[in-house]
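Numbering (the working numbering), first residue to last: 753 to 998.
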């Protein structure tokens with residue numbers, strides 16, 4: 753079992769804050785469905801593609817979790833579920849604690865669970881392909897070290913680099929983007945932020961209460977965002993209708 757001891761230095765804290773800011777900007781930037789799918793496809797050109805994509809990778813974890821995992825991982829999993837542990841730190845420790853393919857797949861689970869994969873737009877593993885020597889050296893030394901500070905710092909810096917790349921890609925203008933996509937109001941951007949967590953939804957009444965606006969204004973905002981392909985309406989007309997982010 754690896755050491756679970758590391759130093760949460762001011763530099764690491766600053767790195768995590770920057771990642772949080774990039775994540776928020778990525779998730780609140782409106783993207784047309786075609787552009788979103790294009791960026792998601794590019795983000796999966798890493799180790800996950802070896803297992804047939806994210807869905808197949810997660811299926812493998814679910815089917816083989818109790819039989820393939822090495823002994824001694826239970827304490828690590830318990831630690832990873834500690835309250836307040838940042839998703840990037842969860843992913844960093846999981847990557848070091850598990851052997852392939854789980855060292856690539858388990859971190860993705862923790863990132864996805866808290867919305868830190870940004871709808872599949874961020875793939876931290878892509879960084880290892882560009883920095884193989886440093887990556888391999890730190891993996892080897894920290895696997896048996898009494899402190900994993902060097903590895904956690906390296907992973908966080910790698911994550912920050914990939915989030916920055918994704919943010920630039922998301923903000924890059926697309927010739928296919930309708931003009932209305934970039935004229936979202938502050939209210940509508942607030943709704944995107946509200947729906948950034950996986951599985952979240954919102955109703956017209958909740959929008960009225962959240963933004964302190966009328967039913968008509970709430971309907972207009974929701975309809976515009978749905979027409980731009982940013983939200984999906986579930987249910988029939990009336991109070992049963994709720995919206996999720998695409």
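Each residue gets a CB set at the ideal place from its N, CA and C atoms; glycine is no exception. No experiment lies behind these values; they were computed from the predicted model shown.
Simplified DSSP state of residue i, which is helix, strand or coil
| i | result |
| --- | --- |
| residue 929 | Confidence at residue 929 is low in this model, with a pLDDT of 49, below 50, so the placement of that residue is unreliable and no value is reported for it. |
| residue 774 | helix |
| residue 968 | helix |
| residue 802 | Reliability of the predicted coordinates at residue 802 is poor, the pLDDT of 40 falling under 50, and the value obtained from them is presented with this limitation in mind. Helix at residue 802. |
| residue 886 | helix |
| residue 942 | helix |
| residue 763 | helix |
For residue i, the nearest candidate out of the options (CA to CA)
| i | options | result |
| --- | --- | --- |
| residue 826 | 846, 947, 960 | 846 |
| residue 949 | 974, 866, 828, 829 | 866 |
| residue 753 | 944, 907, 976, 896 | 896 |
| residue 906 | 852, 858, 789, 876 | 876 |
| residue 768 | 915, 872, 790 | 915 |
| residue 848 | 837, 828, 835 | 828 |
Endpoints, beta strand (DSSP E) assigned at residue i
| i | result |
| --- | --- |
| residue 997 | 994-997 |
| residue 984 | 983-986 |
Own chain residues within Cβ distance below 8 Å of residue i, not counting five before or after
| i | result |
| --- | --- |
| residue 993 | 955, 956, 985, 986, 987 |
Residue i Cβ short of 8 Å to the ligand COA heavy atom set
| i | result |
| --- | --- |
| residue 960 | The ligand COA is not among the ligands present in this structure, which contains no ligands whatsoever. |
Proximal residues to residue i (C-beta, below 7 Å), its chain only, five neighbours per side dropped
| i | result |
| --- | --- |
| residue 880 | 887 |
| residue 967 | 956, 960 |
| residue 998 | 785, 981, 982, 983, 984 |
Span of the alpha helix (DSSP H), counted from its first residue to its last, around residue i
| i | result |
| --- | --- |
| residue 786 | 785-795 |
| residue 756 | Neither: residue 756 is in no alpha helix (DSSP H) and is coded neither H nor E. |
| residue 912 | 901-923 |
| residue 980 | Looking at the DSSP string, residue 980 is not in any alpha helix (DSSP H), and its letter there is neither H nor E. |
| residue 957 | 956-963 |
Query raised in the report: Curious, which full-length alpha helix (DSSP H) runs of at least 4 residues does the segment 816-874 contain?
Result: 826-832, 839-849, 854-865
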